[in-house]
Structures are given as C-alpha cells and as structure tokens.
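Engineer: In this note's numbering, the protein residues as written are 666 to 963. Quick one: structure below, then a few questions.
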C-alpha cells in the first residue's frame, strides 16, 4: 500500500473514531425530539438546576456503562452514525459499529463504509476490511495507540488522545454546569420516555469560576479541551428520565473542522461490556505502518 494511502485511510479512521466516541459518550447536536417547551428559567444557572445536574452526574458515576446510538456531522468533512456499548468504569472501553453516511473524508479516505472500532484505555482498534488487508500484509485490524496521536497532528492529536481517553456521559453534564445560561426547558418525549430537558451554551472565552458550578481544576480542563479542538462555543442539551439517567444528549457549535452537530441516545444502563483485543497476528500498528513506508517519525 502506498504511503499516501496508509496516511489517508489511517488518519481518517482516527478522526472518525474520535468523533464517534465523542458523540456516543456525550456528543450530539440537533434540537431534540418531541415538542419543545418554553424555557422555565433563564440567565445564570439557578441553585435548583445545579443540584439537579450534580445529581445526574453522580448517577452516571454509579451506572458506568450503557448501550448507545449516535449520529455526527463535522462541517462538510464527514457524517456518520454509530451504535454499540461503552463503559467508563475504568477509562473508556467498548465497541462501536461506525458507518459513514457522507462527507469529503468518507469519499477520500478509501476505507470501508462501515468499521468496527474497539476502545481500550491505551488504544483503539479499527477493522479496516479485506481490501486493506490485501495491501497491508494480510492484516485487517489497525491499532492506534493514544500516545501516538500527537504524531498525527500535534495539538490536534493531543486533543484527540484527551477526548478518546476521558469521554463518558458526564462530559456533557460538566459542560452544562460550566454554562452561564443553563435552562430547564421542560418535559419532552424521547423514544417513548418522558424526560426533562436542560439546555445551555458554553462560551470558552467566558468560562470563569464566577458563573460555573465546577471547581477551578475541572473548569481549566474543560477550557483546555474545547480550545484544543478549536471550539469557541457549544450548545449542549440533555434529556433525563425520572431516574436521573440520560436518555439523550446533543451538542452543536463550531470547531476547527467546521460546524459540528452530534446526537446520542442511551439505554440499558449497567449493561455488560465485554470487548477483546483482535489477535496480534491480524493486527497492524499504525505508527509502524508509517515508519515502514517512510512516512513516520524518524
């Protein structure tokens, strides 16, 4: 396989993995389902909203796994859908089936239209299909070590590593706790479940301890993560059932790659998440592929 093809397919898969897990772990972005009500409160988050969001965050701590379905778009680069199970009990683990539905990246990267991705604490693995295997020594799986991501794009790679390792359903709740305008919108129907919707907008430049329910360390980490991804503002909406469990989460805004819009649905909290690393004999390391082709770091 030519170097340019390896780099294009491999880097494209890395970006897709990041977007997919971000969507399923908390990303989202359209305006929601059901009939939206009018905001019940406006301005700086009231004490009742903060207490409710903190309770939701604590509940995510105890459930630690879920079945997820999601959709994502990033400018005109890529659009996709995802489905699978994830656990955040000890770092991110899980398995997602990722399907391209459009965008320039999907057209250019040359890989399969549907990819199985398996996530672990130190790396993720992507099944690139038979066509890739024919050009890579018979190995259809590619391993992407999180520590290697910086070599794919400097600060952007660092941000990719950070998001892949730390994503879970709490991330969107943390963003709402940092928002200065969080609102309780009202009750809406999400796939037959009555849920309370909260909405807020995070302005990275205006993140301060004064209007946030996060501590200074959490606030600094959130700001660094958003800034590294080129995000200046993001609007977050969550829908929570009567048991304080997220049933839907959306995000939308602008990033370095263009406008993003992602949605995730959650079900089967506490489900067993069992994922195995592909056989070493069927797995190629992305960094080593680049080195073998003379494209990797010296």
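Beta carbons: idealized from backbone N, C-alpha and C, even for Gly. Keep in mind the model is a prediction, meaning the values are calculated, not measured.
1) Mind reading off the beta-carbon distance from residue 783 to residue 940? Whole number of angstroms is fine, and I expect it under 8 Å.
2) Please confirm if the segment 727-742 is in contact with the segment 859-866, defined as three or more CB-CB distances below 8 Å between the two stretches.
3) Taking 7 Å as the threshold (C-beta atoms), are residue 750 and residue 928 in contact?
4) Restricting to Cα atoms, I'd like to know which of 744, 748, 753 is closest to residue 772.
5) Considering only the alpha carbon of each residue, which of 955, 758, 837 lies closest to residue 912?
6) Among 953, 867, 933, 926, which has the Cα closest to the Cα of residue 738?
7) Based on the DSSP secondary-structure assignment, which residues constitute the bridge partners of residue 926?
8) According to DSSP, simplified to helix, strand and coil, what is residue 844?
9) Residues in the same chain with beta-carbon distance under 6 Å from residue 734, minus the five sequence neighbours each way, listed in chain order, please.
10) Check the Cβ-Cβ distances between residue 954 and every residue of chain D, and say whether any is below 7 Å.
11) Going by DSSP in three states, residue 851 sits in which element: helix, strand or coil?
Structural biologist: In this structure, then:
1) Here residue 783 refers to the residue found at position 118 of the chain shown. Here residue 940 refers to the residue found at position 275 of the chain shown. With 8 Å as the limit, residue 783 and residue 940 qualify as a contact, their Cβ atoms being about 5 Å apart.
2) no
3) Position 263 of the chain shown, counted from the first residue, corresponds to residue 928. Position 85 of the chain shown, counted from the first residue, corresponds to residue 750. Contact: no.
4) Taking the first residue of the chain shown as 1, we reach residue 772 at position 107. Per the Cα distances, 744.
5) Indexing the chain shown from 1 puts residue 912 at position 247. If we check each option's Cα against that of residue 912, 837 comes out closest.
6) Locating residue 738 in the chain shown gives position 73, counting from the first residue. Closest by alpha carbon: 926.
7) Counted from its first residue, the chain shown places residue 926 at position 261. In DSSP, residue 926 forms a bridge with 738, 917.
8) Position 179 of the chain shown, counting from 1, holds the residue named residue 844. It is coil, neither helix nor strand.
9) Taking the first residue of the chain shown as 1, we reach residue 734 at position 69. Within the same chain, residue 734 has close Cβ partners 748, 930.
10) The structure shown contains no chain D; it is built from a single protein chain.
11) Along the chain shown, one-based indexing puts residue 851 at 186. Note: residue 851 maps to strand in three-state DSSP.
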